[in-house]
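Our numbering puts the first residue of the sequence shown at 82, with every later residue one more than the last. Note that CB positions come from ideal geometry on N, CA and C, so glycine has one too. In what follows, a single structure is set out as structure tokens and then discussed.
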Amino acid sequence: MDEGAWSEWAAVDAAAWVRRPAAGDDKYRRGVLGVITGSTEFPGAAVLGVEAAHRAGLGMVRYIGPRPVRAAVLSRRPETVTQSGRVQAWLLGSGMDASHRTFVLSGDLQHALASGVPVVLDAGGLDLVGTHNGPTVITPHARELATLLVSREIRTTRDAVLDNPAGWAARAAHELGVVVLLKGAVTHVADPSGRRLRVAASTHWLATAGTGDVLGGVLGALVAGHHDEIMTDATVLTSLAASAAFVHAEAGRLASERFGGGPIAALDVAEAVPHIIGRLLTLVE
């Protein structure tokens with residue numbers, strides 16, 4: 082499979098997509114992200130994604146989920162809103178099992194998908210690809226992408242994706258008609274128009290549980306904050322996906338440096354996000 086030409090996404094590229102609040106902004110103008118993630122089995126996925134979204138600089142997070150998970154989210158981030166209302170983007174699927182959706186959860190997901198706003202699909206929401214006609218980005222790792230493609234009668238395996246992540250990311254974007262952010266030591270971002278971007282991990286300590294949920298929160302925040310641009314130019318979503326991957330990678334590096342280059346947990350990465358956002362803002366002053 083031809084890997085094609087890929088462009089490295091650097092700090093100056095990501096900086097162009099970090100939005101500094103203006104004097105006339107309010108929480109709605111800065112972006113509102115709707116989040117349907119987590120489950121009673123995996124409540125931490127919701128906590129981490131919501132935490133990261135708040136840290137990435139948007140105006141509001143609306144969380145929809147089971148009562149115990151809402152309690153966990155509010156315990157960590159009490160500013161989170163748990164009532165339905167207007168949003169500019171949705172983050173769906175982290176910490177969920179697609180084969181065990183309740184009637185209520187299925188209804189919430191369908192309501193979100195019918196809204197027409199940009200959607201980030203992760204983990205337990207990947208099977209929803211194609212049920213939403215708005216701009217969509219998916220954030221699988223190799224096994225998840227292989228499972229999704231096989232479900233669409235495209236023969237592949239986890240090992241095949243690992244052997245050629247660039248080629249499979251590009252093919253998935255073409256076949257599925259969405260932006261694909263394929264996670265790995267090098268993250269590959271591809272879209273149906275043929276744009277191909279990649280971001281190398283700044284530290285391999287990021288290979289730990291929950292960091293993908295943090296990436297989803299960062300990406301959701303950036304997407305919500307750039308809703309208007311996405312709705313007029315869908316390729317903006319590709320730049321935002323690569324920018325989120327860059328912020329995530331740099332936050333992982335910074336978090337590790339705080340421990341002398343040692344291991345980190347996902348929450349450490351989320352807490353480092355504002356520092357990376359601040360550094361990127363200095364590049365566009």
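Residues near residue i in its chain [Cβ-Cβ closer than 7 Å; skip 5 each side]
i              : result
leucine 226    : Val242, Trp249, Ala253, Leu263
aspartate 349  : Ala336
alanine 322    : Val218, Val260, Leu262, Val270, Leu300
tryptophan 286 : Gly333, Ser337, Pro344, Ile345
Neighbour-count burial assignment, residue i, 16 or more Cβ in a 10 Å radius
i                 : result
proline 149       : exposed
phenylalanine 184 : exposed
threonine 284     : buried
phenylalanine 327 : buried
threonine 121     : exposed
glycine 341       : exposed
proline 221       : buried
glycine 275       : exposed
tyrosine 144      : buried
Nearest-angstrom Cα separation, counted from residue j out to residue i
i              : j             : result
glutamate 352  : threonine 363 : 19 Å
asparagine 231 : threonine 212 : Checking the sequence, you will find valine at residue 231 rather than asparagine. If I take the Cα positions, the gap works out to 17 Å.
valine 116     : serine 324    : 20 Å
alanine 97     : valine 365    : 7 Å
alanine 247    : proline 355   : 30 Å
valine 201     : serine 175    : 10 Å
arginine 360   : alanine 126   : 27 Å
valine 113     : valine 198    : 11 Å
alanine 204    : aspartate 294 : 9 Å
aspartate 314  : glycine 166   : 25 Å
valine 142     : glycine 130   : 10 Å
leucine 155    : alanine 302   : 18 Å
arginine 158   : proline 147   : 16 Å
Sequence-distant residues of the same chain with beta carbon closer than 6 Å to residue i, five excluded per side
i              : result
isoleucine 358 : Val99, Gly138
Assigned secondary structure, residue i (DSSP; H/G/I helix, E/B strand, else coil)
i              : result
leucine 173    : strand
arginine 122   : Before going on, a small fix: residue 122 reads as glutamate here, not arginine. Coil at glutamate 122, not helix or strand.
glutamate 89   : strand
threonine 217  : strand
arginine 277   : strand
isoleucine 358 : helix
histidine 307  : coil
valine 210     : coil
glycine 166    : coil
valine 295     : helix
glycine 301    : helix
leucine 190    : helix
valine 201     : strand
alanine 104    : coil
Endpoints, the beta strand (DSSP E) within which residue i is located
i             : result
leucine 262   : 260-263
arginine 143  : 141-144
histidine 269 : 267-271
leucine 114   : 113-117
Unbroken alpha helix (DSSP H) run spanning residue i, endpoints
i             : result
histidine 329 : 317-338
glycine 197   : That residue, glycine 197, is in no alpha helix (DSSP H); it is neither H nor E in DSSP.
arginine 151  : 148-157
aspartate 240 : 239-244
arginine 182  : Premise fails: arginine 182 is in no alpha helix (DSSP H) and is neither H nor E.
threonine 228 : 223-232
Same chain, Cβ closer than 8 Å to residue i, neighbours up to 5 away in sequence not counted
i             : result
tryptophan 87 : Ala247, His269, Arg277, Leu278, Arg279
valine 210    : Leu202, Thr217, Ile219, Leu229, Leu257, Val259
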